[in-house]
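Novice: Below: one structure in structure tokens.
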Amino acid sequence: MPTVRELRAKAGEKPITMLTAYDSPTAEIVDEADVDVILVGDSVGNTSLGYETTLPVTVDDVARHVGAVSRATEEALIVADMPFLSFGVDEADSLENAGRMIKESGAHAVKLECGSHTVELTETMVQLGIPVMAHLGLTPQHVNRYGGYPRQGTDQEAAERILELAVAHEEAGAFSLVLEHVPANLAAEITETLDIPTIGIGAGPNCDGQVLVVDDAVGLSGWSPSFSKQFGNVREEMESAIEQYVAAVESGEFPAAEHSHEESDLDELY
Ligand code: KIV
Ligand code: NA
Numbered sequence: 027m028p029t030v031r032e033l034r035a036k037a038g039e040k041p042i043t044m045l046t047a048y049d050s051p052t053a054e055i056v057d058e059a060d061v062d063v064i065l066v067g068d069s070v071g072n073t074s075l076g077y078e079t080t081l082p083v084t085v086d087d088v089a090r091h092v093g094a095v096s097r098a099t100e101e102a103l104i105v106a107d108m109p110f111l112s113f114g115v116d117e118a119d120s121l122e123n124a125g126r127m128i129k130e131s132g133a134h135a136v137k138l139e140c141g142s143h144t145v146e147l148t149e150t151m152v153q154l155g156i157p158v159m160a161h162l163g164l165t166p167q168h169v170n171r172y173g174g175y176p177r178q179g180t181d182q183e184a185a186e187r188i189l190e191l192a193v194a195h196e197e198a199g200a201f202s203l204v205l206e207h208v209p210a211n212l213a214a215e216i217t218e219t220l221d222i223p224t225i226g227i228g229a230g231p232n233c234d235g236q237v238l239v240v241d242d243a244v245g246l247s248g249w250s251p252s253f254s255k256q257f258g259n260v261r262e263e264m265e266s267a268i269e270q271y272v273a274a275v276e277s278g279e280f281p282a283a284e285h286s287h288e289e290s291d292l293d294e295l296y
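Under our numbering, the letters of the sequence shown match residues 27 to 296, in that order.
Following this line, the structure appears as structure tokens:
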């Protein structure tokens, strides 16, 4: 397993790879592909739970999905995303919620959507043994503040604010930083300034690593942000398989003789 320390060592040598996963089969595939970090994102709300935003996602939801991922993962570092309002409101609750991800579900670290309110919390978590991945730039839990998902750090003042917060979280002990939807030159400058690895999404090529939502990367979502890339078309594969299933059942072609067990001794069944 790449530990948080090894991740730091990899940065600058070779780009870090991170993908989300929410279930066991996907985690197994991602892990076997040698992806360094699996993020059980609160994006599970969008990808798998049918919500329009990540806001309704609960600690129970993420904890359940972290469990599914951790049972299927041998090598990757597993990061649990802390859902909206599960951290930063009350310190004891924040620590309990983060602790659950590690103690009950098998995550190795948590990710926090950051602001000035998470600097001290990061320090406390790290002191207690909960590694923290910080997340700055576009933080989707603030969708109602933004009124959408606009690019962040696009003027001098906003860019400086993000840089300041990045430094503050590094000083507080965060082991890495996700930078979402910020100008590439800002991401490059932050990457240059920090010692800890930066992992970008919609943040250009100059971060120490990249992250994508796995459903977007494999082409399952049917939709993805402009900064994402579909490396496959799993949705088309599934559509085709399911259409074939329906046609085969309706035509009587499935199940065929080889899928049936007519020789069963019924006496043994009851
Ligand atoms: O929830 C998520 O998938 C994320 C990544 C996009 C960084 O936070
Ligand atoms: Na997230």
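Just so you know, even glycine gets a beta-carbon here, dropped at the ideal spot from N, CA and C. Note that this is a predicted model, so its numbers are computed, not measured.
Report yes or no: do three or more beta-carbon pairs, one from the segment 129-138 and one from the segment 96-114, lie closer than 8 Å?
Specialist: yes
Novice: Which class does Leu191 belong to by DSSP, given the choice of helix, strand or coil?
Specialist: What you label residue 191 is simply residue 165 of the sequence shown in a count that begins at 1. In this structure, Leu191 counts as helix in the three-state DSSP scheme.
Novice: Which one or two residues does DSSP pair with His161 in a beta bridge?
Specialist: The count along the sequence shown starts at 1 and reaches residue 161 at position 135. Glu139 and Val204, per the DSSP bridge assignment.
Novice: Does the Cβ of Asn211 have 16 or more other Cβ atoms within 10 Å, making it buried, or fewer, making it exposed?
Specialist: In the sequence shown, counting from the first residue as 1, residue 211 sits at position 185. So Asn211 counts as exposed.
Novice: Rounded to whole angstroms, how far is the Cβ of Gly71 from the Cβ of Val83, which I believe are closer than 8 Å?
Specialist: Here residue 71 is taken as the residue at index 45 of the sequence shown, counted from 1. Here residue 83 is taken as the residue at index 57 of the sequence shown, counted from 1. That pair is a contact at about 4 Å.
Novice: Can you tell me whether DSSP reads Gln270 as helix, strand or coil?
Specialist: Locating residue 270 in the sequence shown gives position 244, where the first residue counts as 1. Residue state, collapsed to three classes: helix.
Novice: Run the CB neighbour count on Leu154, radius 10 Å, all protein chains shown included, and call it buried at 16 or more, exposed below.
Specialist: In the sequence shown, the residue the question calls residue 154 occupies position 128. Leu154 comes out exposed.
Novice: For the alpha helix (DSSP H) holding Val83, just list the boundary residues, first then last.
Specialist: Residue 83 sits at position 57 when you count from the first residue of the sequence shown. Careful: Val83 lies outside any alpha helix (DSSP H) and carries neither H nor E.
Novice: Which same chain residues, not among the five before or five after Cys233, have their C-beta less than 7 Å away from its C-beta?
Specialist: Here residue 233 refers to the residue found at position 207 of the sequence shown. So the qualifying residues of the chain are Leu205, Ala213, Thr217, Thr224, Ile225 and Gly226.
Novice: So, using beta-carbon positions, are His13 and Gly258 closer together than 8 Å?
Specialist: Residue 13 lies beyond the residue range present for the chain, which begins at 27 and ends at 296; the question has no answer from this structure.
Novice: Does Pro41 have its Cβ less than 8 Å from a Cβ in chain D?
Specialist: The displayed structure is made up of one protein chain only, and chain D is not part of it.
Novice: Assuming the contact rule is C-beta atoms closer than 8 Å, Thr165 and Ala200 should be a hit. Round their C-beta distance to whole Å, please.
Specialist: Here residue 165 refers to the residue found at position 139 of the sequence shown. Here residue 200 refers to the residue found at position 174 of the sequence shown. That pair is no contact at about 14 Å.
Novice: I'd like to know whether the C-beta atoms of Thr46 and Ser74 end up nearer to each other than 8 Å.
Specialist: Taking the sequence shown and counting its residues from 1, the one referred to as residue 46 is at position 20. Taking the sequence shown and counting its residues from 1, the one referred to as residue 74 is at position 48. Cβ distance not < 8 Å, so Thr46 and Ser74 don't count as in contact.
Novice: Could you please give the first and the last residue of the uninterrupted beta strand (DSSP E) stretch that includes Asp107?
Specialist: For the purposes of this step, residue 107 is taken as the residue at position 81 of the sequence shown. Taken as a continuous stretch (DSSP letters only), the beta strand (DSSP E) holding Asp107 covers Leu103 to Asp107.
Novice: Do Gln236 and Gly245 have their beta-carbon atoms positioned less than 8 Å apart in this structure?
Specialist: For the purposes of this step, residue 245 is identified with residue 219 of the sequence shown, where counting begins at 1. For the purposes of this step, residue 236 is identified with residue 210 of the sequence shown, where counting begins at 1. The answer is no: Cβ separation not under 8 Å.
Novice: Closer than 7 Å: is that where the CB of Gly226 sits relative to any heavy atom of the ligand NA?
Specialist: Numbered from 1 along the sequence shown, position 200 holds the residue referred to as residue 226. Flag unset: Cβ of Gly226 not near the ligand NA.
Novice: Between which two residues does the beta strand (DSSP E) holding Gly235 run?
Specialist: Locating residue 235 in the sequence shown gives position 209, where the first residue counts as 1. Here the beta strand (DSSP E) through Gly235 covers Gly235 to Leu238.
Novice: If you draw a straight line from the alpha carbon of Gly141 to that of Leu191, how long is it in whole angstroms?
Specialist: As a working mapping, residue 141 is identified with position 115 in the sequence shown. As a working mapping, residue 191 is identified with position 165 in the sequence shown. Near 7 Å, if we compare the C-alpha coordinates of Leu191 and Gly141.
Novice: Using the rule of at least 16 other Cβ atoms within 10 Å of the residue's Cβ for burial, across every protein chain shown, is Val240 buried or exposed?
Specialist: For the purposes of this step, residue 240 is taken as residue 214 along the sequence shown, with counting starting at 1. With 16 or more Cβ atoms within 10 Å of its Cβ, Val240 is classed as buried.
Novice: Under the three-state reduction of DSSP, which class applies to Ile156: helix, strand or coil?
Specialist: Within the sequence shown, residue 156 is the residue found at index 130, counting from 1. Three-state DSSP puts Ile156 in coil, outside helix and strand.
Novice: Rounded to the nearest angstrom, what separates Val145 and Met264 at their Cα positions?
Specialist: Counted from its first residue, the sequence shown places residue 145 at position 119. Counted from its first residue, the sequence shown places residue 264 at position 238. Distance between the alpha carbons of Val145 and Met264 is about 44 Å.
Novice: Taking all protein chains shown into account, decide if Pro157 is buried (16 or more other Cβ within 10 angstroms of its Cβ) or exposed.
Specialist: Taking the first residue of the sequence shown as position 1, residue 157 is located at position 131. Buried, because 16 or more other Cβ atoms sit within 10 Å of the Cβ of Pro157.
Novice: Closer than 7 Å: is that where the CB of Gly114 sits relative to any heavy atom of the ligand KIV?
Specialist: Mapped onto the sequence shown, residue 114 falls at position 88. False, no ligand heavy atom lies under 7 Å from that Cβ.
Novice: If you drop the 5 nearest sequence neighbours on each side, which residues of the same chain put their C-beta closer than 7 Å to that of Asn123?
Specialist: Looking up residue 123 in the sequence shown gives position 97. The answer, listed in chain order, is Val85, Met108, Ser112 and Phe113.
Novice: Taking the alpha carbon of Glu117 as the point to measure from, which residue in Met151, Ser286, Ala274 and Ile42 has its own alpha carbon closest?
Specialist: As a first step, residue 117 is located in the sequence shown; it is residue number 91 there, counting from the start. Glu117 has its Cα closest to that of Met151, out of Met151, Ser286, Ala274 and Ile42.
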